[in-house]
Amino acid sequence: MQWLIDLLMLFFPSNCLVCGKRLHAPGDILCFICEMEMPRTGFGDFENNPVSKIFWGRVRVSAGTSLFRFEKGSAYQTLLHDLKYRGNRRAGLYLGRLLGQELMNTSLADSDLMVPVPLHRLRLKRRGFNQSELIARGASEITGIPVANHLLKRHSYQHSQTTMNRQERFENMAAAFTLGKNAPDLHEKKILIIDDIITTGATLEACSQVMLSQFKCLVYIATVSYA
Ligand SMILES: [Zn+2]
Numbered sequence: 003m004q005w006l007i008d009l010l011m012l013f014f015p016s017n018c019l020v021c022g023k024r025l026h027a028p029g030d031i032l033c034f035i036c037e038m039e040m041p042r043t044g045f046g047d048f049e050n051n052p053v054s055k056i057f058w059g060r061v062r063v064s065a066g067t068s069l070f071r072f073e074k075g076s077a078y079q080t081l082l083h084d085l086k087y088r089g090n091r092r093a094g095l096y097l098g099r100l101l102g103q104e105l106m107n108t109s110l111a112d113s114d115l116m117v118p119v120p121l122h123r124l125r126l127k128r129r130g131f132n133q134s135e136l137i138a139r140g141a142s143e144i145t146g147i148p149v150a151n152h153l154l155k156r157h158s159y160q161h162s163q164t165t166m167n168r169q170e171r172f173e174n175m176a177a178a179f180t181l182g183k184n185a186p187d188l189h190e191k192k193i194l195i196i197d198d199i200i201t202t203g204a205t206l207e208a209c210s211q212v213m214l215s216q217f218k219c220l221v222y223i224a225t226v227s228y229a
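If you read the sequence shown in our numbering, its first letter stands for residue 3, the second for the next number, and so on.
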């Protein structure tokens, strides 16, 4: 099959998104060195890691984890930027597979469902894809956990929340999600919510709240990056 790979590389050459070095296998996004040097958090799924702690006193998230640390201006910012704003689907699937490998070493590997944080339908139309869904699909390839893509529905469509204060942001976000039509029974299920990045945790808190208020279930969080 090497001839096929060579042929593909001829038509679709690619470079490492972090250092720019020419890559040798189709589907790769980072070179070996950059992948090795990725600023991984090493959080695992501990109930008292910094991601889990974000939700303490806010919502009953059992545990959370993130794959790598997001630093503004770092070379790895390109990865998320390419995924989110330049529509690099391969970057989404690739990051999802890395997250999936990480999840396999945790107790989250036996989750029943992965639920990507949804985009509002207008934003989805404009962007053409949901980055969280791509990540979930990549992670599912590795873990075998099914992706429930239409379980949550996003209602509010805000260009920016930067003009709101903390309380307004919270209220805006709390009303943003509901269960989708035909949502399955999630009683006793272990649900893993997937997103690209966690900062304040407001979005993930709102998603968790929707499921915990309707079902007696366990909710976990996994994101690619932690800011
Ligand atoms: Zn590189």
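C-beta atoms are modelled at their ideal positions from N, C-alpha and C, and glycine is treated no differently. Quick caveat, the model's predicted, so the values are computed rather than measured.
Which residue from the options puts its Cα closest to that of residue i?
i: Leu19; options: Thr80, Arg62, Gly46; result: Thr80
i: Thr225; options: Arg42, His26, Ser16, Met213; result: Arg42
i: Asn174; options: Cys209, Gly182, Ser158; result: Ser158
i: Val212; options: Asp30, Lys23, Val61; result: Val61
i: Asn151; options: Lys183, Ser54, Tyr78; result: Lys183
i: Glu170; options: Leu100, Ala204, Phe48, Ile147; result: Ala204
i: Glu49; options: Gly66, Cys33, Met40; result: Gly66
i: Ile199; options: Gly130, Phe70, Glu39, Thr145; result: Phe70
i: Cys219; options: Asp114, Ala27, Pro118; result: Asp114
i: Ile195; options: Asn51, Gly46, Val63, Lys23; result: Val63
i: Tyr222; options: Ser16, Leu32, Val53; result: Val53
i: Met38; options: Tyr78, Arg128, Thr145, Ile193; result: Tyr78
Quick one: using the 10 Å Cβ neighbour count with 16 as the cut-off for buried, is residue i buried or exposed?
i: Leu136; result: buried
i: Gly59; result: exposed
i: Tyr87; result: exposed
i: Ala141; result: buried
i: Cys21; result: exposed
i: Ser215; result: exposed
i: Leu201; result: Looking at the sequence shown, residue 201 is not Leu but Thr. Thr201 is exposed by the Cβ-count criterion.
i: Met112; result: Note that residue 112 is Asp in the sequence shown here, rather than Met. Result: exposed.
i: Arg139; result: buried
i: Phe179; result: buried
i: Met116; result: buried
i: Ser76; result: exposed
i: Asn107; result: exposed
i: Gly98; result: buried
i: Gly94; result: buried
i: Gly102; result: buried
i: Ile35; result: exposed
i: Leu124; result: exposed
i: Asp187; result: exposed
Which of the three DSSP states is assigned to residue i in this structure?
i: Tyr78; result: coil
i: Arg88; result: coil
i: Thr201; result: coil
i: Gly182; result: coil
i: Ala229; result: coil
i: Leu69; result: strand
i: Val63; result: coil
i: Ala177; result: coil
Name the DSSP beta bridge partners of residue i, please?
i: Lys192; result: Leu220
i: Arg171; result: BP columns for Arg171 are empty, so no partner.
i: Arg24; result: Asn17
Is there at least one Cβ from chain D nearer than 7 Å to residue i's Cβ?
i: Leu81; result: The structure shown contains no chain D; it is built from a single protein chain.
Checklist entry - What are the uninterrupted segments assigned as alpha helix (DSSP H) that are 4 or more residues long and contained completely in the stretch 104-169, given in chain order? => result 123-129, 133-145
Item to check | Length-filtered (4 minimum) alpha helix (DSSP H) runs lying within the stretch 27-61 | outcome: 34-38, 52-56
Checklist entry - Of all residues in the structure, which have a C-beta closer than 6 Å to any heavy atom of ligand 3, taken in chain order? => result No copy of ligand 3 occurs in the structure displayed; its ligands are ligand 1 alone.
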